[in-house]
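*Asks:* For any residue, its number in my numbering is found by taking its place in the sequence shown, counting from 1, and adding 150. C-beta: ideal position from N, C-alpha, C; glycine also.
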Amino acid sequence: MSATSTTTSVSKRRARASRRSATKPAVDAHGALPGQVVLVLQGGGALGAYQVGIYEAMHEAGIEPDWVIGTSIGAINAALIAGNRPENRLDRLRAFWDSVEQNTGAEAFEFLPGFGAALSNLATMARGIPTFFSPNGASWFGPHTSLGVEGAAYYTTSPLRETLSKLVDLDQLNSKRPRLTVGAVNVRNGEMRYFDSRDETLGLDHVMASGALPPAFPAVRIDGDPYWDGGIYSNTPIEAVLDDKPRKDSLIFAVHMWNPEGPEPETLWQVMGRHKDIQYASRAKSHIARQKQIHHLRHIIREIAKHVPEKTRNSAEVRELASWGCGTTMHVVRLVAPRLDGEDQTKDIDFTAAGIRARWQAGYAAARHMIQRAPWRAPIDPIAGVVIHDPGTGARPLAAGVDGFAGRTK
Numbered sequence: 151m152s153a154t155s156t157t158t159s160v161s162k163r164r165a166r167a168s169r170r171s172a173t174k175p176a177v178d179a180h181g182a183l184p185g186q187v188v189l190v191l192q193g194g195g196a197l198g199a200y201q202v203g204i205y206e207a208m209h210e211a212g213i214e215p216d217w218v219i220g221t222s223i224g225a226i227n228a229a230l231i232a233g234n235r236p237e238n239r240l241d242r243l244r245a246f247w248d249s250v251e252q253n254t255g256a257e258a259f260e261f262l263p264g265f266g267a268a269l270s271n272l273a274t275m276a277r278g279i280p281t282f283f284s285p286n287g288a289s290w291f292g293p294h295t296s297l298g299v300e301g302a303a304y305y306t307t308s309p310l311r312e313t314l315s316k317l318v319d320l321d322q323l324n325s326k327r328p329r330l331t332v333g334a335v336n337v338r339n340g341e342m343r344y345f346d347s348r349d350e351t352l353g354l355d356h357v358m359a360s361g362a363l364p365p366a367f368p369a370v371r372i373d374g375d376p377y378w379d380g381g382i383y384s385n386t387p388i389e390a391v392l393d394d395k396p397r398k399d400s401l402i403f404a405v406h407m408w409n410p411e412g413p414e415p416e417t418l419w420q421v422m423g424r425h426k427d428i429q430y431a432s433r434a435k436s437h438i439a440r441q442k443q444i445h446h447l448r449h450i451i452r453e454i455a456k457h458v459p460e461k462t463r464n465s466a467e468v469r470e471l472a473s474w475g476c477g478t479t480m481h482v483v484r485l486v487a488p489r490l491d492g493e494d495q496t497k498d499i500d501f502t503a504a505g506i507r508a509r510w511q512a513g514y515a516a517a518r519h520m521i522q523r524a525p526w527r528a529p530i531d532p533i534a535g536v537v538i539h540d541p542g543t544g545a546r547p548l549a550a551g552v553d554g555f556a557g558r559t560k
């Protein structure tokens, strides 16, 4: 395809999306939401297209996040959302994902069972993505060559910095509308750190650090310390909102791209895929279940405190103990990306047009369905601190075609 025809195709696609965004929302967004809206985005490379589909459905419904939290590709998508005004967000997200889309030529071999899709993805690994990462020639001198923590990587991410500098408005990003939090791990002490626009001024370094997955990408230095991708410590940054103070009633869209559930692997290639799924799912379900228990206990403390005699309740010691209680409710909407037919352990570098479109479409369909259901409107146990809304594991293969989808039309 020529550069002219590619540009024309992109322009037509964006024009169709713009016309759609000016029409009546596809889903009913009426009715009060149960608190601040929080969008939590996992890391997962090319799987991040699923997150953009989810945001598109939210945007169509008139649901804009008050807070976006991300790790790795989730941090990049989060920055593109927080770093632009609502009317520009989808255009910027499309521009980024259009820029990283790959046509390696290896797609012609996708008919080869268990090999075709991987060949295309491995081609991306070999040559990089011009707007994202490129091979680091210095790494060719061997694994024992001293390159420094900011140079010891197979790729350089300078292209990503340039791309984001064109698509992210740092003034808007630091306006706290919405609040932005990105997670990265300190290389020296192994501790997770959440950089939060509520508490400090964020820049591209913070986003880049959150996506600096070793040994592929180099560490990014912030305040004198080198940081790597937060996903190697915790790929599901939902604890950032569940542990936040002061606590607030919240509607949390928790987007999971790695499914810990799956069939038994039978080949080494499948073993590598299951290993990656389990590793990067990052015990998300158990984290949420633990937080559900903790918040339930906080509600119980609050209820018990009501029954303490007033004279005793007003003592400093009892007030301190009662402060552990709270009455906030957090609705957690779990959205888990489906497995695509033919995907394998290289799926997180599947930046092909077909892969991006399928995942974007799946995210749009999942979020649209959940918003139409609006399960957070149903009555709940008054002492339930965390309420989980889970539409399913998302393990079934993706069915083609979603009515109303407008995000990508390639």
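#1: Quick one: give me the first and last residue of the beta strand (DSSP E) that D373 is part of.
#2: Classify T173 as helix, strand or coil using the three-state DSSP reduction.
#3: Considering only the beta carbon of each residue, do G361 and A225 sit closer than 9 angstroms?
#4: In or out: R425 buried (at least 16 other Cβ within 10 Å) or exposed?
#5: CB Q252 to CB A273, shorter than 9 angstroms?
#6: On the CB-based measure, 16 or more other CB atoms within 10 Å of its CB, does H180 come out buried or exposed?
#7: Are the CB atoms of V536 and H446 within a distance shorter than 9 angstroms?
#8: Where P541 and A528 are concerned, what is the direct C-alpha to C-alpha distance, given to the nearest angstrom?
#9: In or out: R522 buried (at least 16 other Cβ within 10 Å) or exposed?
#10: My guess is that T307 and M358 are in contact by the Cβ rule of under 8 angstroms, so how many angstroms apart are they, rounded?
#11: According to the neighbour-count rule (16 or more other Cβ atoms, all chains shown, within 10 Å of its Cβ), is Q192 buried or exposed?
#12: Just the Cα atoms here: how many angstroms apart are G340 and H437?
#13: Quick check on R348: does DSSP put it in helix, strand or coil?
#14: To the nearest angstrom, report how far apart W247 and I506 are at their CA atoms.
#15: For L200 and M208, I'd like the C-alpha separation in whole angstroms.
#16: Closest by CA to S473, which one among A455, D355 and H294?
#17: On the DSSP letters alone, give me the boundaries of the alpha helix (DSSP H) that R509 sits inside.
#18: Hey, would you say the C-beta of H446 is under 8 angstroms away from at least one heavy atom of the ligand MG?
#19: Compute the distance between the beta-carbons of A404 and L330, then report whether it is under 9 angstroms.
#20: For R489, count neighbouring C-beta atoms within 10 Å of its own C-beta (all shown protein chains included) and say buried if the count is 16 or more, exposed if not.
#21: Which of the three DSSP states is assigned to R593 in this structure?
#22: Inspect the CB distances between the region 379–399 and the region 229–242 and report whether three or more fall short of 8 angstroms.
#23: Provide the residue(s) that pair with N336 in DSSP beta bridges, ordered along the chain.
*Replies:* Reading off the structure:
#1: Mapped onto the sequence shown, residue 373 falls at position 223. Element bounds for D373: n/a, residue is neither H nor E.
#2: As a working mapping, residue 173 is identified with position 23 in the sequence shown. In this prediction, T173 scores a pLDDT of 36, lower than 50, which makes its location untrustworthy; the coordinate-derived value is nonetheless stated afterwards. Judged by DSSP in its simplified three-state form, T173 adopts coil rather than helix or strand.
#3: For the purposes of this step, residue 361 is taken as the residue at position 211 of the sequence shown. For the purposes of this step, residue 225 is taken as the residue at position 75 of the sequence shown. Closer than 9 angstroms, so yes.
#4: Locating residue 425 in the sequence shown gives position 275, where the first residue counts as 1. According to the sequence displayed, residue 425 carries His and not Arg. Per the 10 Å Cβ criterion, exposed.
#5: Taking the sequence shown and counting its residues from 1, one reaches residue 252 at position 102. Taking the sequence shown and counting its residues from 1, one reaches residue 273 at position 123. The Cβ atoms of Q252 and A273 lie closer than 9 angstroms to each other.
#6: Indexing the sequence shown from 1 puts residue 180 at position 30. The predicted position of H180 is uncertain, since its pLDDT is 44 and thus under 50; no value can be drawn from it.
#7: Mapped onto the sequence shown, residue 446 falls at position 296. Mapped onto the sequence shown, residue 536 falls at position 386. It is a contact, given that the beta carbons lie within the stated cut-off.
#8: Your numbering for residue 541 matches position 391 in the sequence shown. Your numbering for residue 528 matches position 378 in the sequence shown. Rounded to whole angstroms, the separation of the alpha carbons of A528 and P541 is 15 angstroms.
#9: As a first step, residue 522 is located in the sequence shown; it is residue number 372 there, counting from the start. With the sequence shown as reference, residue 522 is identified as Gln, and Arg is not the correct amino acid for it. With fewer than 16 other Cβ atoms inside 10 Å of its own Cβ, Q522 counts as exposed.
#10: The count along the sequence shown starts at 1 and reaches residue 307 at position 157. The count along the sequence shown starts at 1 and reaches residue 358 at position 208. Rounded, the Cβ-Cβ distance is 6 angstroms, consistent with contact.
#11: Numbered from 1 along the sequence shown, position 42 holds the residue referred to as residue 192. Around the C-beta of Q192, 16 or more other C-beta atoms lie within 10 Å, and the residue is accordingly described as buried.
#12: For the purposes of this step, residue 340 is identified with residue 190 of the sequence shown, where counting begins at 1. For the purposes of this step, residue 437 is identified with residue 287 of the sequence shown, where counting begins at 1. G340 and H437: Cα-Cα distance of roughly 19 angstroms.
#13: By one-based count along the sequence shown, residue 348 stands at place 198. Coil.
#14: As a working note, residue 247 is residue 97 in the sequence shown. As a working note, residue 506 is residue 356 in the sequence shown. About 8 angstroms.
#15: Indexing the sequence shown from 1 puts residue 200 at position 50. Indexing the sequence shown from 1 puts residue 208 at position 58. Note that residue 200 is Tyr in the sequence shown, not Leu. About 13 angstroms.
#16: Position 323 of the sequence shown, counting from 1, holds the residue named residue 473. Comparing Cα positions, the closest option is A455.
#17: Translated into positions along the sequence shown, residue 509 becomes position 359. Counting along the chain, the alpha helix (DSSP H) containing R509 begins and ends at A503 to R523.
#18: Inclusion of the ligand MG in the displayed structure is not the case, the ligand content being empty and no account of it being possible.
#19: Walking along the sequence shown from the start, residue 404 turns up at place 254. Walking along the sequence shown from the start, residue 330 turns up at place 180. No, the Cβ-Cβ distance between A404 and L330 is not below 9 angstroms.
#20: Position 339 of the sequence shown, counted from the first residue, corresponds to residue 489. Buried.
#21: A query on residue 593 cannot be resolved here, the shown segment of the chain reaching from 151 to 560 and no further.
#22: Too few Cβ pairs lie closer than 8 angstroms, so no.
#23: On the sequence shown, residue 336 is found 186 positions in, with the first residue counted as 1. When DSSP reads this structure, N336 sits in a beta bridge with Y377.
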